[in-house]
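Below is one structure, written out as structure tokens, with a few remarks after it.
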Amino acid sequence: MKRRDFLTGSASALASSAAWAKRPDQAKLNRIGIMSVCFDPILKTPSSPADPKRTVDIMDFADLIAARYGVHRVEFQHTDFSSTEPAYFQEFRRRIRKAKSQVNQINLEFANLNISAADPVIRLEAIELTKSWIDHAVELDCPRVMLNQGTLAPEVRQSAVGTLKTMNAYAKAKNVFITMEPRWRADARNVPWDVFVDVIKASGIYANPDIGNFPDKESREAALPILYRMTAGSSHVKNIPEKFSTADGIKISKEAGYTGIYTIEARANNGPDPYVAVQTILDILLANI
Amino acid sequence: MMKRREFLMSSAAVAASGSAWAQRPDQAKLDRIAVMSLCFAPLLKGTARPGNPKATLDLMDLAGMVAERYGIHRVEFQHADFPSAEPTYLQEFRSRLRQANSQVNQINLDFANLNISAPDRVIRLETIDLTKRWIDYAAALDCPRVMVTHGGLAPEVRQSAVETLKTMNAYGKAKNVFVTMDPGNAPWEMVVEVIKAAGIWANPDCGNFPDKESPAAALRVLYRMSAGSSRVQHVPNKFDTADAIKIAKEVGYKGVFSIETSSRNSPDPHASVRAILDILLANI
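So the sequence lines, in the order shown, correspond to chains A and B. Heads up, the first sequence is in my numbering, so the first residue is 1 and it goes up one at a time. Heads up, the second sequence is in my numbering, so the first residue is 1001 and it goes up one at a time.
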């Protein structure tokens, strides 16, 4: 997919400094994004302004990622933003452009508001809030918003599809993609990946493949070739060696003809230092894409 | 009294609608009265009541029914009444309102788990964004007011609640829509302070006080802070509705009285609305 997408020019990327002695292949770096969630422990928040461990302002995030890693795509949670007023987003956009970067995707996690709500009023509120964030994505030149689909339980699946269609119609008019990723947690009520694929197809939205979000090797290997063909040009990459091989996941994507972005999602399980955790996944990507 | 987006229905248009009454009440009085959709909740069709044989009234027909039956051309809705907020639905809704020569008096926003008193900044931002969307829909429906719920306004969140209201109000002003709030179950003096600090407007409600003493003091203040609309309930064992209307008149209130009934008034929503309407017509 190409809507609102752009490739950051090599010249501008080279202008930023990097910790590496030898700059990696810029064409590969241009296919990599980094999620703000990787830096959760050190991101400043309004609720803990005096925390000495929190040293990174979200406004500076794109600059930091460009300078340190030579990566010019950054991905945010909607909860990262301290305001949704036009003036704030104008300044945010200015800072993104200053770093020669792009917001790759905004991930929406609205607490109890999601497409699987049984209550039609809640689904309508989910639609309205998603529309607001589609507008905010446009304000930030961001081509994608990703939703949390909730349970997609059989009894709400049809209304969830109807809700997604309404959101998608709005997004299309604004030139923004709506994506969803497969989710799996041992302690949650999970929907099988093939049902997830059916919902995406039925609603006309796009997949955000995530190498880490499967219960086992079999489902991962069956699902990823399909999901990489249903993207809006972006995916998530985790590294959990005891569960799966990240390199194998990238190999599957290449075999499926995927030419989009790999966005790094590092968590606490990757180590206490977020910079190191991101670097580890970045090195795997550079060696394999 | 505020005039933004307000209009008085022309007598000619109003006279064109039929009424169940043998003798038409004073139209000038009827023009100052609204009826809330909430009064007819048991009769309203909706996805929440599929298959309920008593639910015979489509939301699209509410304004027409209220105009026809009561000669009232102001209707007030909950945001949750609307089965869709898509442009085509709202366009049709507006067309049906105009057909009834009616106006939406106010839309009351009661978002699940989202309000200005949320300690979590993210929840407050979501409340702002949803409120903005409903301000847009109010403007699209020629509705002059949206009412927000205050969520408690506990001391530790009060300042952030005021800031949240200010952001909403700035947007409301730009769209020519008033943001209002009623005291609910909170101490009315504190709510008055919050309303003043935020620059928004009061929606006086004679039924929303914990005791018999508060309404007399509070209503005198609140009617002067309105955006041209107020709420009228009828709970005889708690307060005298006629006394509340008298206070409104004493402080020079010239705005709308919006009828709010519930099942405690009568099992028949029409009888409940009629009872309050008769009190209003006798006292305003």
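Just so it is clear, CB atoms sit at the ideal spot from N, CA and C, and this is done for glycine as well.
Among the candidates the options, whose CA atom is the shortest distance from the CA of residue i?
| i | options | result |
| --- | --- | --- |
| VAL276 of chain A | A:LEU43, A:ILE250, A:ARG68, A:ASP57 | A:ARG68 |
| THR1088 of chain B | B:LEU1141, B:PHE1111, B:LYS1054 | B:LEU1141 |
| MET59 of chain A | A:VAL71, A:LEU43, A:ARG157, A:GLY70 | A:LEU43 |
| ALA173 of chain A | A:MET180, A:VAL191, A:ALA137 | A:ALA137 |
| HIS1150 of chain B | B:ASP1129, B:ILE1195, B:ALA1170, B:SER1102 | B:ILE1195 |
| GLY945 of chain B | B:ILE1128, B:PRO1083, B:THR1164, B:ALA1067 | Not covered by the structure: residue 945 of chain B. The range shown for chain B is 1001 to 1284. |
| MET1168 of chain B | B:MET1190, B:GLY1207, B:LEU1109 | B:LEU1109 |
| GLU128 of chain A | B:ASN1101, B:GLN1106, B:ARG1158, B:GLU1086 | B:GLU1086 |
Quick one: what does DSSP say residue i is sitting in, helix, strand or coil?
| i | result |
| --- | --- |
| LEU1044 of chain B | strand |
| THR166 of chain A | helix |
| ASP1120 of chain B | coil |
| GLU1193 of chain B | helix |
| TRP1134 of chain B | helix |
| ALA1198 of chain B | helix |
| VAL1157 of chain B | helix |
| MET230 of chain A | coil |
| ASN208 of chain A | coil |
| TYR1253 of chain B | coil |
| TYR275 of chain A | helix |
| ILE290 of chain A | Residue 290 of chain A lies beyond the residue range present for chain A, which begins at 1 and ends at 289; the question has no answer from this structure. |
| ILE115 of chain A | coil |
| SER145 of chain A | In the sequence on display, residue 145 of chain A carries Val and not Ser. Looking at VAL145 of chain A - three-state DSSP - the assignment turns out to be strand. |
| PHE89 of chain A | helix |
| ASN1283 of chain B | helix |
| GLN1027 of chain B | helix |
Using the beta-carbon of each residue, which ones in chain E are nearer than 8 Å to residue i?
| i | result |
| --- | --- |
| THR1167 of chain B | Absent here is chain E; the protein component of the structure consists of chains A and B. |
At least one CB of chain B closer than 8 Å to the CB of residue i: is that the case?
| i | result |
| --- | --- |
| PHE89 of chain A | no |
| GLU155 of chain A | no |
| ALA111 of chain A | yes |
| LEU152 of chain A | no |
| PRO120 of chain A | yes |
| GLU125 of chain A | yes |
| PRO46 of chain A | yes |
| THR79 of chain A | yes |
| GLU75 of chain A | no |
| LYS131 of chain A | yes |
| GLU221 of chain A | no |
| GLU181 of chain A | no |
| GLU128 of chain A | yes |
| THR163 of chain A | no |
| THR166 of chain A | yes |
Using a C-beta cutoff of 8 Å, does residue i count as contacting chain A?
| i | result |
| --- | --- |
| ILE1284 of chain B | no |
| ILE1128 of chain B | yes |
| ARG1121 of chain B | yes |
| ARG1074 of chain B | no |
| ASN1113 of chain B | yes |
| PRO1025 of chain B | no |
| PRO1269 of chain B | no |
| LEU1219 of chain B | no |
| ILE1276 of chain B | no |
| ARG1094 of chain B | no |
In terms of residues, what are the limits of the beta strand (DSSP E) holding residue i?
| i | result |
| --- | --- |
| ALA1034 of chain B | 1033 to 1036 |
| SER1230 of chain B | 1229 to 1232 |
| SER1109 of chain B | Here the sequence assigns Leu to residue 1109 of chain B, which means Ser is not the residue at that position. Element bounds for LEU1109 of chain B: 1103 to 1109. |
Which two residues bound the contiguous alpha helix (DSSP H) that contains residue i?
| i | result |
| --- | --- |
| MET1181 of chain B | Note, MET1181 of chain B: premise wrong, no alpha helix (DSSP H); beta strand (DSSP E) at 1178 to 1181. |
| THR1088 of chain B | 1087 to 1099 |
| ILE289 of chain A | Run containing ILE289 of chain A: none; DSSP gives neither H nor E here. |
Exercise. Are the stretch 1272 to 1284 of chain B and the stretch 1228 to 1237 of chain B touching by the rule of at least three beta carbon pairs closer than 8 Å?
Worked result: yes
Exercise. How do the stretch 1254 to 1270 of chain B and the stretch 1209 to 1220 of chain B stand: do at least 3 beta-carbon pairs fall below 8 Å, yes or no?
Worked result: no
Exercise. Counting pairs of beta carbons, one from the stretch 89 to 97 of chain A and one from the stretch 238 to 255 of chain A, are three or more of them closer than 8 Å?
Worked result: Flag = no, the stretch 89 to 97 of chain A and the stretch 238 to 255 of chain A do not touch.
Exercise. Do the stretch 1148 to 1162 of chain B and the stretch 1114 to 1126 of chain B meet, that is, are 3 or more Cβ pairs less than 8 Å apart?
Worked result: yes
Problem set entry | Touch test, the stretch 109 to 120 of chain A against the stretch 1065 to 1076 of chain B, Cβ-Cβ under 8 Å, three pairs minimum | no
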